[in-house]
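These protein sequences, in sequence, are chains A and B. So the working numbering is basically just the index in the first sequence, starting at one, shifted up by 22. So the working numbering is basically just the index in the second sequence, starting at one, shifted up by 1088.
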Amino acid sequence: MAATRSPPRLLPSGDSAVTVEFSRNIDDDANWRVLALDRAMAAEPVKGVTETVPTYRSLLVHYDPVTIGFDELGEKLLALAQRPAPAVVRTRRWRIPVVYGGEHGIDLEDVAKALNATPGEIVARHVAGDYRVAMIGFTPGWSYLSGLTESLHLPRRQNPRLLTPAGTISIGGVQTGIQCLAGPSGWHLLGRTAVRTYQLHRDPIFLLEPGDAVTFVSVDAKVFAEQDRAAETGEFIAELVAS
Amino acid sequence: MSRLRVISIGPASSVQDGGRFGAQRYGLVPSGAIDRLALAVANTLVGNDAFAAAIEIGPFGAKLTARGPVRVALAGAPRNADIAGRAVSFDRSITIADGETLTLGFARGGSFSYLAIEGGILGEPMFGSLAVNARAGLGSPYPRPLQAGDELQTATAGGAIEQRIELPASTDAPIRVVWGPQDDEFPEQSKQLLIDSEWKISATSDRMGYRLEGPVLKHLYGHNIVSDGTVNGSLQVPGSGQPIVLMPDRGTSGGYPKIATVISADLGRLAQIPAGQAFRFRAVSMAEAQAEARKFAGLLRTLPDRLRAVESIDLDIDAMHDANVAGHAVSAVDAATWHARSSDASELD
Chain A
23 MAATRSPPRL LPSGDSAVTV EFSRNIDDDA NWRVLALDRA MAAEPVKGVT ETVPTYRSLL
83 VHYDPVTIGF DELGEKLLAL AQRPAPAVVR TRRWRIPVVY GGEHGIDLED VAKALNATPG
143 EIVARHVAGD YRVAMIGFTP GWSYLSGLTE SLHLPRRQNP RLLTPAGTIS IGGVQTGIQC
203 LAGPSGWHLL GRTAVRTYQL HRDPIFLLEP GDAVTFVSVD AKVFAEQDRA AETGEFIAEL
263 VAS
Chain B
1089 MSRLRVISIG PASSVQDGGR FGAQRYGLVP SGAIDRLALA VANTLVGNDA FAAAIEIGPF
1149 GAKLTARGPV RVALAGAPRN ADIAGRAVSF DRSITIADGE TLTLGFARGG SFSYLAIEGG
1209 ILGEPMFGSL AVNARAGLGS PYPRPLQAGD ELQTATAGGA IEQRIELPAS TDAPIRVVWG
1269 PQDDEFPEQS KQLLIDSEWK ISATSDRMGY RLEGPVLKHL YGHNIVSDGT VNGSLQVPGS
1329 GQPIVLMPDR GTSGGYPKIA TVISADLGRL AQIPAGQAFR FRAVSMAEAQ AEARKFAGLL
1389 RTLPDRLRAV ESIDLDIDAM HDANVAGHAV SAVDAATWHA RSSDASELD
């Protein structure tokens, strides 16, 4: 299979970064290749590379142009990207509690209407999903998950909200996500989790890694409130079910 | 240990350093000084590491009082400055005696100035940096912009010989960009418009992004792409067709196509262009951009070689010239005449 793979495109992102693009679309195979290249670069650091940022379909590679030039780095990246993916990739799996609907998921009813389903059916579909952290980006801990069932695909809201709560669990397009900090969002809000994917003064500060597997479990508002208090003091709340 | 107390300070002023790196994969952006050369110049003058933490001061003024002697240096956007009535020029070190107040006016011909302090600013680094990133709750000693009443702990001035620095002449040449990563999402006409047009920086710009005003840049396939990584200087084009240049507090990823990227050597220059002032872009090759990046790194590395001792009876000719904008003779040691005759006596208070 590796032999038939097309090489990624090297897209210049200024003089100190290059985007290694495997696909223009959201595509599971491309995301695996992004994560594989990211791991390969962690295992065998390329001189001059300062930081890598995996996204859905590309790996952004920051580097120091004093140490390595675009052409030399590009050749190394293409060679690394053509390597066959490792046969066994250890994947951590997290179970994340979510309180769905009501004040914590103000769009659940509207999503149900738009998809000709009951709110209970929407929650059941979302909880049934087997997700993977495709990328973390935009703001600290904002985890974009792939694996959303087609029966929950829905265009984003016409009018993005300027402020949505910390811990929001939402869907947008073909994606679902865990938003850590309060902030703007154009996605549909299904619920909230007490899990902090980013929390200062906790070890680790960032809970999830790109590539981690995620499932959701529905909890009621009372449990959420208890978990939220516990999370405030640095408890993970998320359950590591396999690693 | 001395302290520097903030008596008053305008918005968009915060502790910044070289930035925090290594966590962009978790959505944490580096932040750090918006004009790295100016930060490095100010730090070099007081004997600090080039990217030590300093105060990045926005377009408005500030007043700071020393508790214990504090040696400082100002660099970046020029502005009127005095210590207890004595005019202070930029690009040199100077010691504020115990109880004296440093007063800074509005920025002239730039946006951000840097006040570096000998010994740096005492704080608790997170990811190796004190830089303020208010959205992420990071920054030390305060995880937010500075405000009146804040107090920064710093070294007590050690009586070092004051220094000035000789810098290469500044330029207002076009801001250079390299195409990509998504220039193929735009028709040739949009790329021409970017290069051929005059642009202005909108007053709504901030450390996340500089919004540009100019002709509308059209997309080929709409304005949504699958979110990918961003860098300082990414020129993203949202649906309005008005580009936004991403700055040190940007999101680490974004879903708008990026037509071009400002070269790293010109980022500080772009950051200092005042809102409303016209400027142009020029496209350069990757080879030229990287040659400029190496030249810029060389300049940063050799800043200490450009230091010159300030003579003890130095009359501060720069400050006299600065203040003498209306053609009057002013005294460098009597700030009363200095303020009165400056054509730009735009103080904060």
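Cβ coordinates follow ideal geometry from the N, Cα and C atoms, glycine included. Note that the coordinates shown come from a computational prediction; the quantities given were computed from them, not determined experimentally.
### Message
Considering only DSSP beta bridges, list what asparagine 1221(B) is partnered with.
### Response
Leu1226(B)
### Message
Against chain B, does arginine 46(A) count as a neighbour if the rule is that its beta carbon must be under 9 angstroms from one of theirs?
### Response
yes
### Task
Taking only the alpha-carbon atoms, compute the straight-line gap between glutamate 1320(B) and proline 141(A) and give it to the nearest angstrom.
It should be noted that the sequence gives asparagine, not glutamate, for residue 1320(B). Going from the Cα of asparagine 1320(B) to the Cα of proline 141(A) covers about 42 angstroms.
#### Entry: leucine 1214(B) in three-state terms, based on DSSP
Inspection of the sequence shows that residue 1214(B) is occupied by methionine rather than by leucine. Three-state DSSP puts methionine 1214(B) in a strand.
### Message
In whole angstroms, give me the CA-to-CA distance for asparagine 1221(B) and aspartate 1337(B).
### Response
7 angstroms
### Message
Cutting at 6 angstroms between CB atoms, please list the residues of its own chain near serine 1119(B), excluding the five before and the five after it.
### Response
Gly1107, Ala1219, Asn1221, Pro1336, Asp1337
#### Entry: isoleucine 191(A) beta carbon less than 9 angstroms from that of histidine 127(A)
Note on residue identity: the sequence assigns glycine, not histidine, to residue 127(A). Cβ distance < 9 angstroms, so glycine 127(A) and isoleucine 191(A) count as in contact.
### Query
DSSP on glutamate 257(A), reduced to helix/strand/coil?
coil
### Query
Thinking just about the alpha-carbon of each residue, which of Ile1263(B), Leu1210(B), Arg1295(B) is nearest to the one in tryptophan 1287(B)?
Ile1263(B)
### Task
Count the other C-beta atoms from every protein chain shown that fall within 10 angstroms of the C-beta of glutamine 1280(B), then say buried if there are 16 or more, exposed otherwise.
exposed
### Task
Please name the residue, chosen from Leu1210(B), Asp1393(B), Phe1109(B), Thr1191(B), that lies closest to leucine 1152(B) on a Cα-to-Cα basis.
Thr1191(B)
### Message
Rounding to the nearest angstrom, what Cα-Cα distance links arginine 1113(B) and threonine 89(A) in this structure?
### Response
22 angstroms
### Query
DSSP three-state call for lysine 1346(B): helix, strand or coil?
strand
### Per-residue burial, isoleucine 1249(B) [other beta carbons within 10 Å of its own, 16 or more giving buried]
exposed
### Task
Within its chain, find whatever has a CB closer than 6 angstroms to the CB of isoleucine 259(A); leave out the 5 residues flanking it on each side and keep chain order.
Ala216, Val217, Gln249, Ala253
### Residue range of the unbroken alpha helix (DSSP H) whose run includes tryptophan 54(A)
50–65
### Message
Determine whether the beta carbon atoms of leucine 1133(B) and alanine 1204(B) lie at a separation below 9 angstroms.
### Response
yes
### Query
Is serine 1278(B) helix, strand or coil by DSSP?
helix
#### Entry: Rounded separation between glutamate 1144(B) and glutamine 1277(B) - CA only
38 angstroms
### Task
Look up proline 119(A) in the DSSP assignment and give the residues it is bridged to.
Val239(A)
### Query
Is it right to say histidine 210(A) is buried, meaning 16 or more other beta carbons lie within 10 angstroms of its own, or is it exposed?
buried
### Query
Apart from the five residues on each side of it in sequence, which residues of its chain come closer than 6 angstroms, Cβ to Cβ, to phenylalanine 238(A)?
Ile118, Val120, Val149
### Query
Exposed or buried, which one is isoleucine 193(A) when buried takes at least 16 other CB atoms within 10 Å?
buried
### Query
Since histidine 148(A) is in the alpha helix (DSSP H), which residue starts that stretch and which ends it?
141–150
### Task
Give, in chain order, every residue of the region 149–163 of chain A whose Cβ lies closer than 8 angstroms to some Cβ of chain B.
Met157, Ile158, Gly159, Phe160, Thr161, Pro162, Gly163
### Query
Can you give the Cα-Cα distance for serine 1102(B) and proline 1233(B), rounded to whole angstroms?
4 angstroms
#### Entry: Extent of the continuous beta strand (DSSP E) to which alanine 1169(B) belongs
1167–1171
### Query
Is it true that the CB of glutamine 1270(B) sits closer than 9 angstroms to the CB of leucine 1300(B)?
no
### Query
Would you say glycine 1327(B) reaches chain A, if we count a Cβ-Cβ gap shorter than 9 angstroms as a contact?
no
### Query
Leaving out the 5 sequence neighbours to the left and right, which residues in its chain are closer than 8 angstroms to arginine 1124(B) when beta-carbon positions are compared?
Gly1106, Phe1139, Leu1355, Gly1356, Leu1388
### Task
Confirm, please, whether the CB-CB distance from proline 1157(B) to isoleucine 1184(B) is below 9 angstroms.
yes
### Query
valine 155(A) by DSSP, collapsed to three states: which one?
strand
### Message
By the three-class DSSP mapping on this structure, what secondary structure does lysine 1151(B) have?
### Response
strand
#### Entry: Residues near histidine 223(A) by beta carbon distance below 8 angstroms, same chain, minus five either side
Gly256
### Message
Three Cβ pairs or more, each shorter than 8 angstroms: is that satisfied between the region 153–161 of chain A and the region 196–206 of chain A?
### Response
yes
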